[in-house]
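**Student:** Residue numbering for the sequence shown follows UniProt numbering, starting at 1 and increasing by one per position. This is the structure I want to talk about, given as structure tokens.
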Amino acid sequence: MNLTVLRSTDIDRASDFYSEMGLLFTRHRHGNGPEHYASVIDGFVFEIYPLGKHPPTIGTRIGFSVDDVDSIVSMLLDVGAELISKPADSEWGRRAVVKDLDGHVVELLTPPNRDKIVASDTTSTGVMTVTHSEGMNPGDADRQ
1 MNLTVLRSTD IDRASDFYSE MGLLFTRHRH GNGPEHYASV IDGFVFEIYP LGKHPPTIGT
61 RIGFSVDDVD SIVSMLLDVG AELISKPADS EWGRRAVVKD LDGHVVELLT PPNRDKIVAS
121 DTTSTGVMTV THSEGMNPGD ADRQ
């Protein structure tokens, strides 16, 4: 997989929400198409488009591998996420499920024995990128 597109009634708000997980977005417009946000993560593109006349994408469940489920959930709740499943240990690792501000179900997972991850200077995320022994702290996504 190399592309996921979500549709939102408010792309700025949605971009802010996903930025809390470490995604860094840039605004794009292709030809006469609508302005939208894109975040590129090691060749994977995550885009947020305006809802427009298209069907909503809220039936789409997406998942992110994160460094610290508990910290990320706390930050997402602070910006208005709805908690579906609180952080808990599972057979897959530490896991939680939230709804974003448009109603998309978002699963967050920290696999067991996972190396810490960091945002590199050239990629746009602290969510899914190269592993690094120094790790990433919550709030690193706020860097400019």
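Virtual Cβ for every residue (Gly too), placed ideally from N, Cα, C.
Considering only DSSP beta bridges, list what Y18 is partnered with.
**Tutor:** Numbered from 1 along the sequence shown, position 18 holds the residue referred to as residue 18. DSSP, once it has assigned bridges, lists no residue as partnering Y18.
**Student:** Which of helix, strand or coil does DSSP assign to V73?
**Tutor:** Residue mapping note: residue 73 aligns to position 73 of the sequence shown, counting from 1. Reduced to three states, the DSSP call for V73 is helix.
**Student:** Drop a sphere of 10 angstroms on the beta-carbon of L76, count the other beta-carbons inside from all chains shown, and report buried for 16 or more, exposed for fewer.
**Tutor:** The residue labelled residue 76 in the question sits at position 76 within the sequence shown. When all chains shown are included, L76 counts as buried.
**Student:** Name the residue from G59, P87 and V66 whose alpha carbon lies nearest to the alpha carbon of R114.
**Tutor:** Along the sequence shown, one-based indexing puts residue 114 at 114. Comparing Cα-Cα distances from R114 to each of G59, P87 and V66, the minimum goes to V66.
**Student:** Out of curiosity, what's the CA-to-CA distance linking P19 and P112?
**Tutor:** Numbered from its first residue, the sequence shown carries residue 19 at position 19. Numbered from its first residue, the sequence shown carries residue 112 at position 112. Note that residue 19 is Ser in the sequence shown here, rather than Pro. Going from the Cα of S19 to the Cα of P112 covers about 24 Å.
**Student:** Is DSSP giving V13 helix, strand or coil here?
**Tutor:** By one-based count along the sequence shown, residue 13 stands at place 13. Here residue 13 turns out to be Arg, not Val, going by the sequence shown. It is helical.
**Student:** Between G22, V79 and F46, which lies nearest to M1 when the distance is taken from Cα to Cα?
**Tutor:** Mapped onto the sequence shown, residue 1 falls at position 1. Of the candidates G22, V79 and F46, the one whose C-alpha sits nearest the C-alpha of M1 is F46.
**Student:** Can you look up D78 in the DSSP assignment and give me helix, strand or coil?
**Tutor:** Start at 1 with the first residue of the sequence shown, and residue 78 comes out as number 78. If DSSP states are grouped into helix, strand and coil, D78 belongs with the helices.
**Student:** Tell me whether V79 is buried or exposed, calling it buried when 16 or more other Cβ atoms sit within 10 Å of its Cβ.
**Tutor:** Here the question's residue 79 lines up with position 79 in the sequence shown. Exposed, by the Cβ-count rule.
**Student:** Which value, in whole angstroms, describes the spacing of the CA atoms of I48 and G22?
**Tutor:** By 1-based counting over the sequence shown, the position of residue 48 is 48. By 1-based counting over the sequence shown, the position of residue 22 is 22. Approximately 15 Å between the Cα atoms of the pair.
**Student:** Roughly how many angstroms lie between the CA atoms of S39 and G63, to the nearest whole one?
**Tutor:** Sequence index remark: in the sequence shown, residue 39 carries index 39 (1-based). Sequence index remark: in the sequence shown, residue 63 carries index 63 (1-based). Each residue's Cα considered, the two are about 15 Å apart.
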